[in-house]
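Novice: One structure coming up, written as structure tokens, with questions to follow.
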Amino acid sequence: MCKFHAVPLSSPDNPDLSQGQVLMMAAATGIAVGSQYYNQPLLGMIANDFGTASGLIATTTQTGYALGLILLVPLGDKMERRTLILLQCLGLTLAMVAASLSPGIYSLAFSSMLTGVFATIAQQMIPHAAGLTSSLRRESVLATLTSGLLAGVLLARTVSGFMGAWYGWRSVFLLGALLSVLMMGCLAIRLPRSQPDRQPAYPQLLRSLFTLARHEPVLRNAALTQSLLFFGFSAFWTILALLLQTPRFGLDSGSAGLFGVVALAGAVLAPFGLRVTGKRGPQHAALSGVLLVAASFLLMIPMQTLTGLGIGVVMMTTGLQISLISHQSLILRAAGSARGRFNTVFMAAQFAFGAAGSAAASLAWEHGGWTAVMVMAAASALLALCVRLTRLF
């Protein structure tokens, strides 16, 4: 079993975060994570501009994000995290400026990979906030930050699509760079410093990720449960646009973006749902979130209507948020001075399962249509329920 020193969550020298600081961190989390999704609605424009396929751009961005999770987020356990966050803000700004000036597809792909690497600011913010917040407020603060993260993911595609259509794809990356500069300025003024504990050298820090995954049962259970939910979540969003373009609905691919706006209701409802479900602690709140996600997938198997899909999206997003916040609260409570590494393992597992969910959804759609996709997603959520129950009892 790995042992880590507990770091006080708040003290006179390390006061609890103010509500203004929490909202600032939530906005920064949304801006940072959104930067890796700007390119998705622009791929067609980029392909036309360069006269070549642009799928490489999305792939390199996600590859960069995975590298950032593994290589940069654990550094927050060793370095002063505020300094690390500001350096990543600078890197993100330069990467997006480079993307806007890219003369060809390969230079844009490299800039996109760097954007993904530095966009992991979002995953530095969560353990940083946990380390600066008292245990009484931790779940509330995490709820605000994860709502900001979800809003960033959902709104980035919408803003990018509209702005790209009006001003061209390069303008979107310039806007992202401007937002990153503003974010860096606000954080430099108002973000508190962390107090890192003594940690091993960087190579040992990275090797400890595997040790944590093997020997920390709270982390292992939370990561597997949340990753199974994210498998179904990714499967849903991968296929939704294809479903809406079938003769049954007759809508265009942009209609899927409107469901992203509907999903924002989940970000709004999740903190309220957490107050209700979390009265018996994060273990039971996590279980409630898993049940809500599973119910949403089961609902969307027979209810293949716009109304049914809309209700399902709100249920799914709310449940996923409740589960995510509760699981993060559990792992960060157990992490001590290894918060960054716990969060790396937790998020990297979801990233891998999300990619697998997207790939599996394409196969399920090809062989069994929407019903097959939703049955697969529901099965994954029910498996997550079983994993969650093993920890609860």
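The opening position of the sequence shown corresponds to residue 1 in our numbering, with each subsequent residue numbered one higher. Where is the CB? At the ideal position from N, CA and C, for every residue including glycine. Treat the numbers as computed from the prediction; the structure is a model and nothing was measured.
1. I need the straight-line Cα distance from S160 to A361, nearest angstrom please.
2. Once DSSP output is grouped into helix, strand and coil, what is the label at S31?
3. Taking A201 as the reference, which of G76, L219, A270 has the closest Cα?
4. Looking at C-beta atoms only, is the number of pairs between the region 350 to 361 and the region 208 to 217 that lie closer than 8 Å three or more?
5. Would you say R341 and L332 are within 7 Å of each other, going by their C-beta atoms?
6. Might you give, ordered along the chain, the residues of its own chain that have their beta carbon closer than 8 Å to the beta carbon of M184, omitting 5 neighbours on each side?
7. Taking all protein chains shown into account, decide if F236 is buried (16 or more other Cβ within 10 angstroms of its Cβ) or exposed.
8. Please go through the same chain and pick out, in chain order, the residues whose beta-carbon is closer than 6 Å to the beta-carbon of G353, but skip the five residues on each side of it.
9. For F19, does the count of other Cβ atoms within 10 angstroms reach 16, so buried, or fall short, so exposed?
10. Are there 16 or more other CB atoms within 10 angstroms of the CB of Q350, so buried, or fewer, so exposed?
11. Would you identify the three-state DSSP class for P74, choosing helix, strand or coil?
12. What's the C-alpha gap between H284 and M315?
13. If you draw a straight line from the C-alpha of L179 to the C-alpha of R157, how long is it?
14. So T60 and M113 are supposed to be a Cβ contact under 8 Å. How far apart are they, rounded?
15. Using a Cβ-Cβ cut-off of 7 Å (strictly less than) and excluding sequence neighbours within five positions of T52, which residues of its own chain qualify?
16. Pick out whichever of F259, L299, V345 has its Cα sitting closest to the Cα of A222.
17. Residue range of the alpha helix (DSSP H) that S54 falls in?
18. The alpha helix (DSSP H) spanning Y106 covers which residue range?
19. Measure the alpha-carbon distance for A295 versus P103 and round it to whole angstroms.
20. Can the beta-carbon of T317 be found less than 7 Å from the beta-carbon of A379?
21. Within its chain, find whatever has a CB closer than 7 Å to the CB of V153; leave out the 5 residues flanking it on each side and keep chain order.
22. Assuming contact is defined by CB atoms lying nearer than 7 Å, are S323 and G289 in contact in what I supplied?
Specialist: On the basis of the supplied data:
1. The residue labelled residue 160 in the question sits at position 160 within the sequence shown. The residue labelled residue 361 in the question sits at position 361 within the sequence shown. Taking the straight line joining both Cα atoms gives about 25 Å.
2. Locating residue 31 in the sequence shown gives position 31, where the first residue counts as 1. Before going further, note that residue 31 is Ile rather than Ser in the sequence given. Three-state DSSP puts I31 in a helix.
3. Reading the sequence shown from its first residue, position 201 is the one you call residue 201. Comparing Cα-Cα distances from A201 to each of G76, L219, A270, the minimum goes to G76.
4. no
5. Taking the first residue of the sequence shown as position 1, residue 341 is located at position 341. Taking the first residue of the sequence shown as position 1, residue 332 is located at position 332. Their beta carbons are not under 7 Å apart, which means R341 does not touch L332 by this criterion.
6. Position 184 of the sequence shown holds residue 184. If we look at M184 and ignore the five residues flanking it on each side, its Cβ neighbours are L86, C89, L90, T93.
7. On the sequence shown, position 236 is the one that residue 236 refers to. Buried: at least 16 other Cβ atoms inside 10 Å.
8. By 1-based counting over the sequence shown, the position of residue 353 is 353. Correcting the residue type first, residue 353 is Phe in the shown sequence and not Gly. Excluding sequence neighbours, F353 sits near S227, F230, F231.
9. Within the sequence shown, numbered from 1, the residue matching residue 19 stands at position 19. Checking the displayed sequence, the identity of residue 19 turns out to be Gln instead of Phe. The residue is exposed, with fewer than 16 neighbouring Cβ atoms inside 10 Å.
10. By 1-based counting over the sequence shown, the position of residue 350 is 350. Buried, by the Cβ-count rule.
11. Against the sequence shown, residue 74 aligns to sequence position 74. Here P74 sits in helix by DSSP.
12. If you number the sequence shown from 1, residue 284 lands on position 284. If you number the sequence shown from 1, residue 315 lands on position 315. Between H284 and M315, the C-alpha separation is close to 17 Å.
13. As a position in the sequence shown, residue 179 is number 179, starting the count at 1. As a position in the sequence shown, residue 157 is number 157, starting the count at 1. Answer to the nearest angstrom: the Cα atoms are 15 Å apart.
14. Here residue 60 corresponds to residue number 60 of the sequence shown, with the count starting at 1. Here residue 113 corresponds to residue number 113 of the sequence shown, with the count starting at 1. So it is a contact: roughly 4 Å between Cβ atoms.
15. Sequence index remark: in the sequence shown, residue 52 carries index 52 (1-based). Cβ neighbours of T52 beyond the five flanking positions: I105.
16. Here residue 222 refers to the residue found at position 222 of the sequence shown. Selected option, being the one with the closest Cα: V345.
17. Position 54 of the sequence shown, counted from the first residue, corresponds to residue 54. Premise fails: S54 is in no alpha helix (DSSP H) and is neither H nor E.
18. In the sequence shown, the residue the question calls residue 106 occupies position 106. Counting along the chain, the alpha helix (DSSP H) containing Y106 begins and ends at 105 to 118.
19. Position 295 of the sequence shown holds residue 295. Position 103 of the sequence shown holds residue 103. Approximately 48 Å, taken between the alpha carbons.
20. As a position in the sequence shown, residue 317 is number 317, starting the count at 1. As a position in the sequence shown, residue 379 is number 379, starting the count at 1. No, they are not a contact pair.
21. Counting from one through the sequence shown, the residue named residue 153 turns up at place 153. Cβ within range, chain order: V33, G34, Y37.
22. The residue labelled residue 323 in the question sits at position 323 within the sequence shown. The residue labelled residue 289 in the question sits at position 289 within the sequence shown. Cβ atoms of S323 and G289: closer than 7 Å.
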